[in-house]
Amino acid sequence: MIVALIPGVPLLLGLIGLLLPPGDGERRRPAATLGIVGAAAALLVTLGLLLFAHKPVEASTHWVTLGSVELTFGFSAGMAALYVALAVAVVALCVQIYSVAYLHDDPRYAPYAAQVSLFTGAMLLVVTSSDLIGTLIGWEVMGACSYLLIGHDRRLPEAPAAAVKAFLVTRVGDVGFLLGVALLIVDAGTSRIAALLAHDYSTGTLTAALLLILAGVAGKSAQFPLHTWLPDAMAGPTPISALIHAATMVAAGVYLVFRLYPLFDRSPAALAVLGVMAAVTILLGALSATAQDDLKRVLAWSTVSQIGYMTGALAVGSPAAALFHLLTHAAFKALLFLAAGAVIHAVGTNYLSRMGGLREHMPVTFWSFAVGLGALAGVPPLAGFWSKENVLTAAAHATEGGETAPVWVAWVVWLAALLAVLITAWYATRLLLCAFFGISRAHGPDGPDWEIGFDDARYTAPATPHDPPGAMRWPILLLAVPAALLGLAAYAPGFRTALELDDPHLDVAIVLPLVLLAAGAGAAWWLWRAVPGVDPAEALGPARHVFANGFHLDTLQDRAVVRPVRALAKVVTATDERVVDAAVEGTGTGTTGAGEVLAMAHRVPLPTAAVAVLAGALLLGAVAVWFGGVA
Amino acid sequence: MHAVIPYVIAALLFALGVYGVLRRRNAILVLMAVELMLNAVNLILVAADASIKSTLSGVQPEAWAYPAPEPKAGAIFALFVIVIAAAEVGVGLAIVLQYYRLRRAVVLDEVPLHEHEEQEAR
Amino acid sequence: MTVADALMLALGVIAVGSGALVVTSAHLVRAGFYLVVSLGAVAGLYLVLGAELVAWVQVLVYVGAVVVLLLFAVMLTRAPIGPSPDLDRPAGPAALIGAGVGLGLSVLLLDAFRWTRYDLPPPGTGRRVGEQIFGAWVLPFEVLSILLLAALVGAIVLSRPDIGARPGPEGADVVAPPSPTGESAEVVARLERIAARQAAAQARVRAQHAAEAAAANQAAAEESGGEPAEPTRDDVLREQARNVVFRAREAGPALGGEDPPAPETGPRRVENTVGEPIPDDEQPALPPAPPKALPPKDTAPPKALPPRTPGKDEGDDA
Numbered sequence: 007m008i009v010a011l012i013p014g015v016p017l018l019l020g021l022i023g024l025l026l027p028p029g030d031g032e033r034r035r036p037a038a039t040l041g042i043v044g045a046a047a048a049l050l051v052t053l054g055l056l057l058f059a060h061k062p063v064e065a066s067t068h069w070v071t072l073g074s075v076e077l078t079f080g081f082s083a084g085m086a087a088l089y090v091a092l093a094v095a096v097v098a099l100c101v102q103i104y105s106v107a108y109l110h111d112d113p114r115y116a117p118y119a120a121q122v123s124l125f126t127g128a129m130l131l132v133v134t135s136s137d138l139i140g141t142l143i144g145w146e147v148m149g150a151c152s153y154l155l156i157g158h159d160r161r162l163p164e165a166p167a168a169a170v171k172a173f174l175v176t177r178v179g180d181v182g183f184l185l186g187v188a189l190l191i192v193d194a195g196t197s198r199i200a201a202l203l204a205h206d207y208s209t210g211t212l213t214a215a216l217l218l219i220l221a222g223v224a225g226k227s228a229q230f231p232l233h234t235w236l237p238d239a240m241a242g243p244t245p246i247s248a249l250i251h252a253a254t255m256v257a258a259g260v261y262l263v264f265r266l267y268p269l270f271d272r273s274p275a276a277l278a279v280l281g282v283m284a285a286v287t288i289l290l291g292a293l294s295a296t297a298q299d300d301l302k303r304v305l306a307w308s309t310v311s312q313i314g315y316m317t318g319a320l321a322v323g324s325p326a327a328a329l330f331h332l333l334t335h336a337a338f339k340a341l342l343f344l345a346a347g348a349v350i351h352a353v354g355t356n357y358l359s360r361m362g363g364l365r366e367h368m369p370v371t372f373w374s375f376a377v378g379l380g381a382l383a384g385v386p387p388l389a390g391f392w393s394k395e396n397v398l399t400a401a402a403h404a405t406e407g408g409e410t411a412p413v414w415v416a417w418v419v420w421l422a423a424l425l426a427v428l429i430t431a432w433y434a435t436r437l438l439l440c441a442f443f444g445i446s447r448a449h450g451p452d453g454p455d456w457e458i459g460f461d462d463a464r465y466t467a468p469a470t471p472h473d474p475p476g477a478m479r480w481p482i483l484l485l486a487v488p489a490a491l492l493g494l495a496a497y498a499p500g501f502r503t504a505l506e507l508d509d510p511h512l513d514v515a516i517v518l519p520l521v522l523l524a525a526g527a528g529a530a531w532w533l534w535r536a537v538p539g540v541d542p543a544e545a546l547g548p549a550r551h552v553f554a555n556g557f558h559l560d561t562l563q564d565r566a567v568v569r570p571v572r573a574l575a576k577v578v579t580a581t582d583e584r585v586v587d588a589a590v591e592g593t594g595t596g597t598t599g600a601g602e603v604l605a606m607a608h609r610v611p612l613p614t615a616a617v618a619v620l621a622g623a624l625l626l627g628a629v630a631v632w633f634g635g636v637a
Numbered sequence: 108m109h110a111v112i113p114y115v116i117a118a119l120l121f122a123l124g125v126y127g128v129l130r131r132r133n134a135i136l137v138l139m140a141v142e143l144m145l146n147a148v149n150l151i152l153v154a155a156d157a158s159i160k161s162t163l164s165g166v167q168p169e170a171w172a173y174p175a176p177e178p179k180a181g182a183i184f185a186l187f188v189i190v191i192a193a194a195e196v197g198v199g200l201a202i203v204l205q206y207y208r209l210r211r212a213v214v215l216d217e218v219p220l221h222e223h224e225e226q227e228a229r
Numbered sequence: 017m018t019v020a021d022a023l024m025l026a027l028g029v030i031a032v033g034s035g036a037l038v039v040t041s042a043h044l045v046r047a048g049f050y051l052v053v054s055l056g057a058v059a060g061l062y063l064v065l066g067a068e069l070v071a072w073v074q075v076l077v078y079v080g081a082v083v084v085l086l087l088f089a090v091m092l093t094r095a096p097i098g099p100s101p102d103l104d105r106p107a108g109p110a111a112l113i114g115a116g117v118g119l120g121l122s123v124l125l126l127d128a129f130r131w132t133r134y135d136l137p138p139p140g141t142g143r144r145v146g147e148q149i150f151g152a153w154v155l156p157f158e159v160l161s162i163l164l165l166a167a168l169v170g171a172i173v174l175s176r177p178d179i180g181a182r183p184g185p186e187g188a189d190v191v192a193p194p195s196p197t198g199e200s201a202e203v204v205a206r207l208e209r210i211a212a213r214q215a216a217a218q219a220r221v222r223a224q225h226a227a228e229a230a231a232a233n234q235a236a237a238e239e240s241g242g243e244p245a246e247p248t249r250d251d252v253l254r255e256q257a258r259n260v261v262f263r264a265r266e267a268g269p270a271l272g273g274e275d276p277p278a279p280e281t282g283p284r285r286v287e288n289t290v291g292e293p294i295p296d297d298e299q300p301a302l303p304p305a306p307p308k309a310l311p312p313k314d315t316a317p318p319k320a321l322p323p324r325t326p327g328k329d330e331g332d333d334a
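Protein chains in written order, with our numbering: chain A, 7 to 637; chain B, 108 to 229; chain C, 17 to 334.
Okay, structure coming up:
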């Protein structure tokens, strides 16, 4: 049952932390303690299991029987799951420590830390649950926590809207996810993942269920076309971006596909959809990242693109490559976001156009950033190189046929991935150059010309940017190690068997991506070199606007989905008010009116009343005669 | 004798009474018209007394009735109606006179029926 | 067509004709007399139909009592002797409903009886009716007597406003204007006191006006100085006019008024007719009340008035 501690401790401490009163000063301490202890406990348990457990750890108990469906409440941690849990726990711990310093002036730190704990626990629940219902619970808790955390800074004008958008867009996918899970469970009669994987589904049911689950995966992992929430989620605090992007939320979808991969392996249609989705996402994210001016949005779009690599690897039949890339991506993306947070903390703005020249003032941050970007672009021997190489190899291998996915899907994924290597190198170089090289654009000629923070914590940017304080620096440095070296773990046999990874073999196939990488980086550097201090993205010309807006997919969604739904809601409201309500109220007013008329009739003068009575008597007599047939 | 003659006379008298009740504004004249209607009913009772002999034969008398009522009870009913009419006129005229004292008028159209409500509303 | 038929037809024509006049006549009194004729004709019909007792009761009760009562009511409500133009309201609905009722009933009865012959019943006797009433119909008879009693009591209660009268907005109208002759000694005393007070107030106002006028005259004389003759003449004329006016007012009815502040300085205790002391704040100085300011029908001499208490006086003034 020790495996239950991995999600259990952060969840419990997060729930306790929600009870803490928000406040500044001394009151932050218990909240910070709870958050860090939760993440650290999860990390320790995971590490212990990794070191001392030699076979998958399982624990489950019967929970409830719904009709013919047995629901269990169980945990299982294979080696792969433990590695993912390790990544989650490490990132969560770094984020918790980092947040203590990053949110030093935020009075609502206590609920924030508790929510981060909850978020981490939910992700760990998704990772370790051996039961689809448990996965579903963790999945939903993550959705709720992401809403709370993205909208944490309520004073930002875009934060609440971004939170609502993230919640709604992922919710659209979650509806499909819920239906798919229900389909799988009902058909198999159990919710245990092991039993589900062994169950023999008919092709139609399986394809339908997997496509529905893919909708949920697309929502959570920010795959086309449900990726639009992710760049907007940058409105949340930077550590939250690190948490969401690196290890938790976006990884959940990939991990779920990995977990259910035996089922996907039986359905070429689902894999084809996944592959096309991945290819589109890779290119879309990479191209959109090229033109962003917001540091965090560059990273966000790069996340979209990298998640596309993972799903692409899954589509071409290599879940091991996907998981490997997930782990390395968790390391370098967390590093990048935390370092970006340090940059933002120092400069006081998100905009690349206002940075520059930071290299001398923030060497630690610069080198960490450089390592992260190198890993992102796939510079050997950094982590990203090995994992991306694995993905490319798997895709190239799949183009020869023999995998479940159709060959054309493998071609699409492979070409998209190769092209994205070029683009990734380009925008990574651009990011590094714009932020850290050249002259400083952080200040106007008269010193700092913008202020940081809000009413109660406003300060001007320091004249000289400097490296962040220790609580922020150490997590960055800690994460720089796996970002640089995790790729070499592919040579470690234990790690390889855990992930079922192939032996790394460097052959001539790696030349093509390296050439593309050099071309991309060189192009960016050459543009920068030609006109120093000018954003290389200027060279994109008119396409820049399209890229910067993410191919206007937001507008498209607004036109195609949001507005029709709003119009429909208005129609429904109007129907409710004018028809249903009006019918009820009309009955009331009508009755009152009729009562008024009757009251008036009761107040008529005597003679009129007499006329009415006698006329009524005459009429009754006439009716009686008519129907009685007397006359 | 042809019974239809008093019957039709009674019907016409009744119609005149109805007309008078509806037409007249003066309360006393309305009372007079009511008398006409009552007399029409009386006439019908008496005419029925004279014309319908056999209708009531064979009807079991009530236990309290001794001697058993004869079929020809129309005249008695006419007497009762006359008594009731006298009572009605007495009370009706008292009301009219009282109203006249209060309002100096006996016009039915102007009798305020919802004066009480208006006072409460004020 | 028998003699009875002919009689009934003739009487019916009379009854219906005079009935029509009852409901159309523009004279209130004439309507009453037409009603007599109509009811009499109906009584004749009863006779023809063999209901003698009913016929005589009809004549006695209806013609003799009810109609007379109605005519009394006509007189008591001060009905005009001539034709009244506003006796009727528009005839439309009344004629429609009346014609409908008459036509409907006539058709119904005509259809029911056709031209069937019946034997005329033997002339009834009071004995048969009496046996029936006090035998078979004794219970309805008793109930009817109770009804008559109730109507009697009701009529009395209705025409006596002092029985069960409630104080209300109508109360003042219901109570006839009080006449001092019929009132109790207490009420007379109250009225007399009010009149005396009013007279005193009037006298005081007069004195004040005279003082003001005199002061004004004097001031005018002092101002003009050189020509005192013409203002003097004017003053004389003014004085005469004032006298005329005030005498006229004296002779007129004593009207109530609020007491103006008394300019007097003397002891504010005035002996009333019985020597009753009156509280200062409530009763200003009162010169001897002129007897003509008293209510004209005051029969009780002032000295016979009973003593009163000040509290009572306050209540009266209010």
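We put the CB at the ideal spot given by N, CA and C, even for glycine.
Close Cβ partners of residue i (< 6 Å) along its chain, the five nearest in sequence each way excluded
i: W131(C); result: none
i: L17(A); result: G127
Chain C contact for residue i (CB, 7 Å cutoff)
i: L624(A); result: yes
i: S161(B); result: The predicted model places S161(B) with a pLDDT of 49, which falls under 50 and marks its position as unreliable; any figure quoted below should be read in that light. It does not; no Cβ of chain C falls within 7 Å.
i: G627(A); result: yes
i: V125(B); result: yes
i: A630(A); result: no
CB contact check: residue i to chain B, cutoff 7 Å
i: L125(C); result: yes
i: V617(A); result: yes
i: P408(C); result: Look at the range of chain C in this structure, 17 to 334, and you will see that residue 408(C) is not part of it.
Short CB-CB distance (under 7 Å) between residue i and chain E
i: L604(A); result: Protein chains in the displayed structure are A, B and C, and chain E is not among them.
Below-7 Å beta-carbon distance, residue i vs any chain A residue
i: V117(C); result: yes
i: G35(C); result: no
i: L204(B); result: no
i: L129(B); result: yes
Best match in the options for proximity to residue i [C-alpha to C-alpha]
i: A26(C); options: Q218(C), S54(C), L76(C) and A47(C); result: S54(C)
i: V397(A); options: A383(A), F375(A), H608(A) and A423(A); result: A423(A)
i: G3(A); options: A411(A), F557(A), D206(A) and L341(A); result: This structure does not reach residue 3(A), given that chain A is present from 7 up to 637, and the question cannot be answered.
Chain A residues whose Cβ lies nearer than 9 Å to that of residue i
i: R105(C); result: P613
i: L215(B); result: P611, L612, P613 and A616
Residue i (DSSP reduced to helix, strand or coil)
i: E409(A); result: coil
i: Y114(B); result: helix
i: A630(A); result: helix
i: T355(A); result: coil
i: D473(A); result: coil
i: L72(A); result: strand
i: H251(A); result: helix
i: A22(C); result: helix
Same chain only: Cβ atoms within 8 Å of residue i, ignoring 5 sequence neighbours per side
i: V137(B); result: G127, V128, R131 and L215
i: L189(A); result: T211, A214, A215 and L218
Contact list for residue i against chain C, beta-carbon separation under 7 Å
i: V218(B); result: Under the 7 Å cutoff, chain C gives no residues; its nearest Cβ is about 14 Å from V218(B).
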